[in-house]
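At position 42 of the sequence shown (counting the first as 1) the number is 42 in UniProt numbering, and the numbers step up by one without a gap.
Idealized CB from N, CA, C, for every residue including glycine.
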Amino acid sequence: MATNTDQQKKSREDADAVENFSKRYYDILDTRRHNVDKFYQAQAKLIWNGIEINGQTEIAKHLVALPPTKHHIYALDFFPMKG
1 MATNTDQQKK
11 SREDADAVEN
21 FSKRYYDILD
31 TRRHNVDKFY
41 QAQAKLIWNG
51 IEINGQTEIA
61 KHLVALPPTK
71 HHIYALDFFP
81 MKG
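#1: With a cut-off of 8 Å, do at least 3 Cβ pairs link the region 3 to 17 to the region 27 to 41?
#2: Quick check on N20: does DSSP put it in helix, strand or coil?
#3: In whole angstroms, what is the alpha-carbon distance linking K61 and D14?
#4: Taking the beta strand (DSSP E) that residue 84 belongs to, which residues open and close that run?
#5: Could you give the DSSP three-state label for K9: helix, strand or coil?
#6: Figure out for me which residue from I73, F79 and E58 has the closest Cα to the Cα of L46.
#7: In this structure, how does DSSP classify K45 when only helix, strand and coil are distinguished?
#8: Expressed to the nearest angstrom, what Euclidean distance is found between the alpha-carbon atoms of residue 85 and F21?
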């Protein structure tokens with residue numbers, strides 16, 4: 001059974017992973033959008049403003065075609081999943 005200290009350590013590690021992923025994803029989206037496909041699996045599905053986009057290639061095409069962006073992350077939230 002995990003101790004409270006173990007749970008806190010795991011929670012911090014999870015929070016760091018979420019933060020690192022988010023920073024990497026939005027940096028790619030803002031500066032090297034042509035590489036965004038690497039964040040999606042071949043059979044991924046994205047719902048964008050109610051439009052369903054299927055597959056890594058189609059998702060990348062859609063995102064690359066969007067106007068330039070500059071994201072600023074002010075807060076993140078995550079919920080650990082048991083499993």
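According to the data block:
#1: no
#2: Here residue 20 refers to the residue found at position 20 of the sequence shown. Note: N20 maps to helix in three-state DSSP.
#3: Stepping through the sequence shown from its first residue, residue 61 is reached at position 61. Stepping through the sequence shown from its first residue, residue 14 is reached at position 14. Each residue's alpha carbon lies about 30 Å from the other.
#4: Because the chain is modelled from 1 through 83, residue 84 falls outside the range shown and cannot be assessed.
#5: Translated into the one-based positions of the sequence shown, residue 9 becomes position 9. It is helical.
#6: Here the question's residue 46 lines up with position 46 in the sequence shown. It is E58 whose Cα lies nearest to the Cα of L46.
#7: Residue mapping note: residue 45 aligns to position 45 of the sequence shown, counting from 1. Strand, per DSSP.
#8: Because the chain in this structure spans residues 1 to 83, residue 85 falls outside the shown range and cannot be described.
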